[in-house]
Each structure stands twice: as structure tokens, then as C-alpha cells.
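Chains as they are written, first to last, in the numbering used here: chain S, 1 to 192; chain G, 1001 to 1192. Even for Gly, the Cβ is constructed at its ideal location relative to N, Cα and C. These notes concern the structure reproduced below.
Number of protein chains: 2
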Amino acid sequence: MSPESRREQLLELGTQLLSTRTLEELSIEVLAEEAGISRGLLYHYFGNKQEFHVAVVRRAVEQLVAITAPRDIADPLEQLAVSIGAYLDYVVENHTGYVSLVRAAAGGNEEVRTIYEEGRRALIDRIFEINGPEQLAQLGIEDSPGLRLMVDGWGAMTESVILAWIEDPHGLSREDLLHRLAVALPAIALAR
Amino acid sequence: MSPESRREQLLELGTQLLSTRTLEELSIEVLAEEAGISRGLLYHYFGNKQEFHVAVVRRAVEQLVAITAPRDIADPLEQLAVSIGAYLDYVVENHTGYVSLVRAAAGGNEEVRTIYEEGRRALIDRIFEINGPEQLAQLGIEDSPGLRLMVDGWGAMTESVILAWIEDPHGLSREDLLHRLAVALPAIALAR
DNA sequence: ACCGCTGTTGAACGAGCGTCAATAGCGTTG
DNA sequence: CAACGCTATTGACGCTCGTTCAACAGCGGT
């Protein structure tokens, strides 16, 4: 089999297996057996277990960032809600896999964490790009260092709330949730 | 050595070692060597590696909850800021250990996660206990199911922001940060 | 002095990661 | 067509580490 397709196959398989197991439990042993190859071959494509894990996580994060690319909408608040909605939908559809990803990112090694954080950063930065300075001003937000800290916090909150909402919606509809999260951003940014 | 003191010694040592290593890297091997005992003895006190990890995490969480017990202050917003401050101080002082705890909780198994989440729940619930309904109303907050979701999210945000602030304060003083986080709670709760 | 309890050990087993020399298949070249 | 080389692939080996278990040692009670 050609190098690229084999590599692709292994990464794809690894991503799938992540739905059932933790990243830690995603052993070379299981993967090799599942792929019908010898353990040794994995070391031909990925130097070691960690490198393989990193490759799987990178793939998953890229997928997430690509899929949730926001559309162009006039009203900033609605734009924001739609962006969060795309993210929400992704999380709902890939729930088990996404949970594994988040846990892997939080508990994993330096490299895995960095990749995940860069993904999160990309998602958040899009808000500041898509909504230009004028639109941000329209929300009452102006970019500043201290603000960044809080906006990143809002990102963590959003991630957490969405995961909790999937477990138990607490009587909130999808639209309610999106609106709450959207208005929370300017609320956090403005509150002093 | 007596059972209790030995158990205590091992847990204490485990907690210390957590400053240097991940929970996953906190091996039976290292612990036994560091404690000057045989590996086998650990299985006399803790059934297996996981149980030991659980015991260490439980200990750390209990410590956190106990130390950050809030004082009684009239002004609800200041009360809140003081509570967050106690938490912040704990995180600053036990930084490496706390980071290990958070990562262990996020990446760990079911049991470890549950213990951590119960700890977080206890911290947040205190806000609703200490600040009685009247004081909460004074902040414009009334307890409701959908609100709980957002308040838990605020908890996640607080945790995240504090860890980020320690890495890089972004020009915010401790007081600035506490105030921002404190006002963020009613802001999130009120925003619709 | 004997007995039993229990804290403690060390050896042994198995799972899983990582290494490496050897092989097999295939395209290239003389 | 045969020899060659490249590389995907294998299988066996060694090592670390979690886990088990039979044996021992010290000590209090009878």
C-alpha cells in the first residue's frame, strides 16, 4: 500500500477508535490488530505512540476548525450565535469523539495540548476577524490585552456549557442556549 | 508502621510527586522507590494504581475545598471577589500541583472526574448558600435550572482564566482580575 | 514457648511499548 | 530477462511497569 493512503488509513482508524477509548487507551497494539498490520509497521509511519497520538489529535482539530468555518452575516450578535451553532452541531454529531479529544487535550502531553489550544485560539480569533473592529464596537467591545483573557475564558465557558447542555439541556432549547452564550460574550467584555 | 500513618505518608508523598509528574506518570514504581518500600506493599493499602490515584485526587480536592472556605462579608459582590481570591491564592501557591490535578481530572477515568466535579460543584454551591436568595436577588440573580448551566460555565471560565492569568497577567492586577471575574457572574446571569 | 495476625517483601507473570535485523514485493536498469 | 535496490512489512527480542501471590518477620496475646 502507498505511504500516504496507509498513513491516512491509520489516522482515520485512530480517530474512529477514539470514540470508544481514551487517547491513553488507544494502544499501538489495538490499532495494529484493528488495521490488520503488525505493530512494527506503525513505527515505520509514526516514530512512537506519542507522535501517533499527536497526529490523530492534529487531524481532529483541523477537522473541527474547518467544519465550523463561519458564514458572513450582517448582525454581529447573530453572526456570533451562528458561529457557536456550527460549533455546537459539530460537538453534538461527533460527541463521543469530541469528548475524547477534549479529555486527551486536557490530560495529554505538552504537544497535544498545544495543538488543541491553537485550535481553540483559531476558533476564537475568527470572531475578531469576521466581526471587524466596527462590528465589535457595535457590541461595545474593543480589543485590549485584559479583554483577551476574558474572551478566552468565555471560550472555555462555551466549551464547558455546551458539553454540559448535551448531557442535560436544563430545559433550554438549542436557540436559547446559543443566544445565552452569544450575549454572554459582550456581557463579560463590558462588565466592570 | 501503623496502617493509618503509612497510608497517610503514601498519600502525602503521592500529592507531592504530583507537582513534578502527570497523574499518569505517577507510577507505582516511582512511588514505592521514593517511599522506600516495595511495590507489593502499595497493593496492601490501595487495591491498584487507579484506586491510589483516586485517593490522591480525593485528598487534593478536599484540601482545596477546605482551604478556600469563604468568609462572611456583607456586600455580595465583595464576598464573591473574596471567595474567588481565596481560590486564586490557593492556585497560585500550589500551582504545579493544581495544574496536575486539573489535567488529571480532565483526562482521568470516570471516578477521578466525578470526584473533581463534585469538588467544583461544592465550590460553586457555596456561592448560592453563603449569598442567600436575598443577596443573590441583590445581584439580580434568581436561581433557576437554565441559570445553573451558565453559572457552572462561569465556574469553568474562572478556572480557565485564573490559570491563564498566572501564565501571563495581561497587565491585570490581582484585584482587577478578581473584580472582573466577580462582575462577570451577574453579567452572565442577567444577560439575555 | 507457642500461636496468630498483619505489615512487608521479593520473585514471577503478563501486557504493552520500542528496536532491529531479515524478508518480500516491485520498479528500474543493464 | 536477470540482477539490483528500494521500501513497505514482518516477527522476534528486550524492557518497563502493573499486578499477583506465596512466604516471612515482628509483635501482642494466651
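- The Cβ atoms of L1017/G and V1030/G sit closer than 8 Å to each other.
- In this structure, N1131/G sits near P1076/G, with a CB-CB distance shorter than 8 Å.
- Closest in C-alpha terms to M1150/G, from the list Q50/S, L149/S, L136/S, R180/S, comes R180/S.
- Within the same chain, Cβ atoms closer than 8 Å to the Cβ of G1140/G are found at P1186, A1189, L1190, the five residues on either side in sequence being excluded.
- By the C-beta density criterion, P3/S is exposed, having fewer than 16 other C-beta atoms within 10 angstroms.
- Close CB contacts of R174/S within its chain, under the 8 Å cut and outside five residues either way in sequence, are with G85, L88 (chain order).
- Within the same chain, and ignoring the five residues on either side of I73/S in sequence, the residues whose Cβ sits closer than 8 Å to its Cβ are Q79, V82.
- For H1170/G, the nearest beta carbon of chain S is closer than 8 Å to its own beta carbon.
- The residue from L136/S, E167/S, G108/S with its alpha-carbon nearest to that of Q50/S is G108/S.
- Of all residues in the region 129-152 of chain S, the ones placed with a Cβ closer than 7 Å to any Cβ belonging to chain G are P145, G146, R148, L149, M150, D152, in chain order.
- Spatial neighbours of R39/S in its own chain (CB-CB distance under 7 Å, excluding positions within 5 residues in sequence) are listed in chain order as I28, E29, A32.
- Taking the CA atoms as reference points, E1159/G sits about 31 Å from R71/S.
- Each of E142/S, G47/S, V99/S was checked against the Cα of L23/S, and the nearest Cα belongs to V99/S.
- Between W1154/G and A1184/G the beta-carbon gap is near 6 Å, inside 8 Å, which marks them as a contact.
- The contact set of R1192/G on chain S, defined by CB atoms closer than 8 Å, consists of H179, R180, V183 in chain order.
- Note on N48/S: under 16 other CB atoms within 10 angstroms of its CB, so exposed under the neighbour-count rule.
- Scanning its chain for C-beta atoms nearer than 8 Å, with the 5 sequence neighbours on each side dropped, one finds around E111/S the residues Q50, V54, in chain order.
- Shown here, P70/S sits in coil according to DSSP, grouped into three states, outside any helix or strand.
- About 6 Å separates the beta carbons of G119/S and V65/S, which is inside the 8 Å limit, making them a contact pair.
- For V161/S, the C-beta contacts it makes with chain G under 8 Å involve L1149, M1150, D1152, G1153, A1156, in order along the chain.
- The DSSP assignment places complete alpha helix (DSSP H) segments of no fewer than 4 residues inside the region 1025-1102 of chain G at 1028-1035, 1039-1045, 1049-1067, 1076-1093, in order along the chain.
- Taking the Cα positions, D125/S is about 14 Å away from E142/S.
- Exposed is the label assigned to I1067/G, since fewer than 16 other Cβ atoms lie within 10 Å of its Cβ.
- Apart from the 5 residues on each side of it in sequence, A69/S has no Cβ closer than 7 Å to any other Cβ in its chain.
- In this structure, DSSP gives E142/S a state outside helix and strand, which the three-state scheme calls coil.
- Contact between L11/S and R59/S holds, with the beta-carbon distance rounding to 5 Å and staying under 8 Å.
- D168/S carries a coil assignment under DSSP once its states are collapsed to helix, strand and coil.
- For the region 1098-1115 of chain G, the beta-carbon criterion of a distance under 9 Å to any beta-carbon of chain S is satisfied by V1102, R1103, A1104, A1105, A1106, G1107, G1108, N1109, R1113.
- The C-beta separation of V1057/G from Y1116/G comes to about 7 Å, placing the pair in contact by the 8 Å criterion.
- DSSP places L1190/G inside the alpha helix (DSSP H), whose first and last residues are 1174-1190.
- When DSSP states are grouped into helix, strand and coil, G119/S belongs to the helix group.
- Boundaries cannot be given for T20/S, as no alpha helix (DSSP H) includes it and DSSP labels it neither H nor E.
- Contact annotation: G1097/G and S1019/G have beta-carbon atoms nearer than 8 Å.
- Nearest to A182/S by alpha-carbon distance, out of V92/S, L163/S, V102/S, I127/S, is I127/S.
- With contacts defined as CB atoms closer than 8 Å, R1007/G and Y1043/G fail to qualify as a contacting pair.
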